[in-house]
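Enquirer: For reference, the structure I am asking about is given below.
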Amino acid sequence: MSKLPPHTNIALPALSPTMEMGTIVSWKKKEGDQLSEGDLLCEIETDKATMGLEASEEGYLAKIVVPDGSKDVPIGRLLCIVVEHKDDVAAFANFVDQEAGAPAKKEVPESEAASAPLPPSVSAVSPPSAAQPATEAATPSAGIPPGRISVSPFARKIAAEKKLDLATIKGTGPGGRILAEDVEAAAAAAAKPTVEAFATVPVPSTPNFVDIPLSNMRRTIAKRLLLSKQTIPHYYVSVDVKMDEILKLRENLNNMLKKNNKKLSVNDFIIKAAALSCMRVPEVNSFWMDAFIRQNNVVDMSVAVTTDAGLIAPIVFGANLKGLLEISDEVKALVEKARAGTLQPNEYQVCYAVHTFKLTISM
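Sequential numbering from 1 applies to the sequence shown in full-length UniProt numbering.
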């Protein structure tokens, strides 16, 4: 790169504290386009949302190194090159990123996936060594004359009934003594069908399964749920709540709000009630900090939202201090942004030790 004109390398930044990789959804600028500070270069799918990468300075887009649709692009990977003068763009026409490791994964069209070779035939499978106990001769135990087999009377009786040669059975008892279970195991192994019998089973022309690619968000959800289950002690408490009075109150309030085209949901009441409950029982609204326990004076409530890309939980900050109508308006706005993929990091990221408060309501 020493012979190339002056240029700026644009690498994939960490767009969230938990981001490890990203997907290049689409480039909004083409090679040779003039750039102004703040111009949208491309859209990147992180583990939480789809976000835009903006140009930090003026210039010209000389080279797009990572194309549209590239998946699992690691942080720090060179995405594109920007030059100051338009005449320098041509110098990067054949540029190849020599420092890049394995190329970023790109979405494989369904037609290509269907043409992929099928797994090897079952006939190629060799029988496991564990299925050969009948071929191993018993090892004479210490103190037993050569040629004499140490066997329990009951095991000898079973072997005679099943017409098994005791010399072909390996004993697991003290000193290699053949026990009844050894004879039963040898009989079961002898009765197993051979591998050749399975080799004639036809392999279906098309696989009977579908592999669904993961988005960064779904991958992160799976990783976090597993980590949470493995590292955080869980306990569950359930209670039946009569909602009759709340439902009556909601109906009355919604009648009053009709003129303003506003409507409260049951979920709005649940968010407010959960926030007040956390304040009433501050031990629940606390974090373990190794050397001490921190009790919080404010309650931030995460609200799970299902999107096409997966589950995301934007936050209603200070829910204990907000009224029902304010909570309702904020939740509607957050849900709309979550499903459009336009949530900002500060709307779903927290710097607390506890990331999720779960409340399940059966109605």
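Where is the CB? At the ideal position from N, CA and C, for every residue including glycine. Everything numeric in this text was worked out from a predicted model, so none of it was measured.
1) Helix, strand or coil for G171 per DSSP?
2) Could you round the C-beta distance between L35 and V89 to whole angstroms and report it? I think they count as a contact, below 8 Å.
3) Look at the Cβ atom of S16, then the Cβ atom of T46, and state whether they are nearer than 8 Å.
4) Measure the alpha-carbon distance for E347 versus M301 and round it to whole angstroms.
5) Please state the DSSP three-state secondary structure of Q230.
6) By a C-beta neighbour count over all protein chains shown, 10 Å radius and 16 as the cutoff for buried, is P128 buried or exposed?
7) Could you check what DSSP says for T220 in three-state terms: helix, strand or coil?
8) For R294, report the span of its beta strand (DSSP E) as first-last.
9) Return the residue from the list N9, V284, M21, E181 that minimises the CA-CA distance to V237.
10) What is the C-beta distance between G38 and E54, in whole angstroms, given that I count them as a contact (C-beta under 8 Å)?
11) Got a sec, what are the start and stop residues for the alpha helix (DSSP H) P254 sits in?
12) Between which two residues does the alpha helix (DSSP H) holding L334 run?
13) Less than 8 Å between the C-beta atoms of G52 and E84, yes or no?
14) Can you say whether P153 is buried or exposed, counting buried as having 16 or more other CB atoms within 10 angstroms of its CB?
15) With respect to the beta strand (DSSP E) encompassing E43, which residues constitute its N-terminal and C-terminal limits?
16) Work out the CA separation of R280 and Q295 for me, nearest whole Å.
17) Do you know whose CA, among P5, G22, H7, lies nearest N216's CA?
18) What number of angstroms, rounded off, separates the C-alpha of N267 from the C-alpha of P213?
Expert: Taking the definition as stated:
1) coil
2) Their Cβ separation, rounded to whole angstroms, is 11 Å, which puts L35 and V89 out of contact at 8 Å.
3) yes
4) 11 Å
5) helix
6) With a pLDDT of only 42 at P128, under 50, the local geometry of the prediction cannot be trusted, and the value read off the model is given with reservation. Per the 10 Å Cβ criterion, exposed.
7) helix
8) 293 to 295
9) V284
10) 5 Å
11) Looking at the sequence shown, residue 254 is not Pro but Asn. Per DSSP, N254 belongs to the alpha helix (DSSP H) from 244 to 257.
12) 324 to 340
13) no
14) exposed
15) 40 to 45
16) 12 Å
17) G22
18) 32 Å
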